[in-house]
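In what follows, a single structure is set out as C-alpha cells and then discussed.
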Amino acid sequence: MAAPILSVAEAETDGEAVTAEPGFLAPGAAPYGNFPFYSRFHPPEQRLRLLPPGLLQRLFPPEGSDARPLLGLDVGCNSGELSIALYRHLLSLEEGEICSVSARDLRFLCCDIDPALVDRAKKDCPFPATMSFVTLDFMDPQTREPLLRSFLNQFGQSVFDIVFCMSITMWIHLNHGDNGLLAFLAHLASLCRYLLVEPQPWKCYRAAARRLRKLGRHNFDHFRSLALHGDMADRIIQILTKDHGMELVCCFGSTSWDRSLLLFRANQPSEPTSSQ
Ligand SMILES: C[S@@+](CC[C@H](N)C(=O)[O-])C[C@H]1O[C@@H](n2cnc3c(N)ncnc32)[C@H](O)[C@@H]1O
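Numbering (numbering that gives the first Met the number 0), first residue to last: 0 to 275.
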C-alpha cells in the first residue's frame, strides 16, 4: 500500500498553525525537514516582518568607504526563498531591485543537505554574484570545514558576521540526538559574531516523530530518550549563553506558528572548533 501523503504543515507543526495543502508530500520522504515547498507553508515575510528595518546598520555600523564585505551563512537554506528574502531585507532592497547604491557589500553562503533543493535555489537566485548555494551536511566536519574555511579565506576572515539557523534545530536534534544538537550549537557559537536562531517548539517534535513513525520510519526512535526537551527556545538560550558565552541580544517576538526569533552575540569570537 502506498504511504499516506501528508503535508509539510502536518509534518512539522502539530497541524494547528497552518492550513495544510492535501496530497502535498509524504514526510517520510523528508527526514531532514527537506520539504520541497517549505516557504509556501512558512512564508519568509512572516519571519522578516519581525526583524526591524536597519538591523544590519545597527549591528555593523559603517566603517568608512573601504569597509570589507559583511559575511552571512544560512544553515539549512532549503530552496533559498528565505535566504533571498533575508538578503533583500537586510539590504532594504525592494522586490525586483538588484542593487542599491547605499547598500553594504553583503555576501551570503547558504547550505543545505539536499542537493535538489540547492539546485533550485541556485537556479532561482537573483543575486548570483553575492549569494552562493552549496550542498553540505552541516553535521559532517570533514566536508563542512574546508568549505567554510575556503569561503571565509576569500575575505581574509575567520568567522561569519552573522549566521542564520532558521527552523533547523529540531531536524538536527531528531536526527543526531542531544549530543548532535549540542555539537551543532557549539559549532555555530564558534563560527560567528551574531547568530539568529528560530527554534522549533517541542510540540513540533512530537508531531514530526509521531507522523514519521506512522509512515514506518524508525530513525527517530531515540526521540523518546532526548534529555533536552520541553521549552526548546529556553534550552537553546541556556546552552548558548551558559556553555558558549553568547549573549542574548533580543527576542524578536514569535511567528503566527509559535516560533521565536532569537538574536545572540558572541562575546569573544573564537576560532571554530573542527571536531564538532
Ligand atoms: C524546515 S527546513 C527550513 C528551511 C529554511 N531555513 C526556512 O526556515 O525557511 C529545514 C532545512 O534544513 C535542512 N537540513 C536538515 N539537516 C541538515 C544538515 N545536517 N545539514 C544541512 N542542512 C540540513 C533541510 O534539508 C531543510 O531544507
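Ideal placement from N, C-alpha and C gives every residue a C-beta, glycine not left out.
- Shortest gap from the CB of Gly244 to any heavy atom of ligand 1: 7 Å or more.
- Inter-segment contact for the stretch 246-265 and the stretch 41-61 is present: three or more beta-carbon pairs are separated by less than 8 Å.
- Cβ atoms of Cys124 and Ile83 come within 8 Å of each other, at about 6 Å.
- Less than 8 Å separates the beta-carbon of Thr129 from that of Leu105.
- Looking from the CA of Met165, the closest CA among Glu62, Arg39, Pro30 and Leu261 belongs to Leu261.
- If only complete runs of 3 or more residues are kept, the stretch 136-177 shows the beta strand (DSSP E) at 159-165, in order along the chain.
- Following the DSSP letters along the chain, one finds Ala207 inside the alpha helix (DSSP H) bounded by residues Trp201 to Lys213.
- The C-alpha of Ala265 lies about 14 Å from the C-alpha of Ile235.
- Your pair Gly71 and Ile171 does not check out as a contact, with CB atoms roughly 19 Å apart and the cut at 8 Å.
- For Tyr204, the shortest C-beta to heavy atom distance toward ligand 1 is 7 Å or greater.
- When rounded, the separation of the alpha-carbon atoms in Leu85 and Leu69 is 14 Å.
- Proximity to Gly75 across Val117, His41 and Arg192 peaks at Val117, based on C-alpha coordinates.
- Placement of the Cβ of Leu116 at a distance of less than 7 Å from at least one heavy atom of ligand 1 is found.
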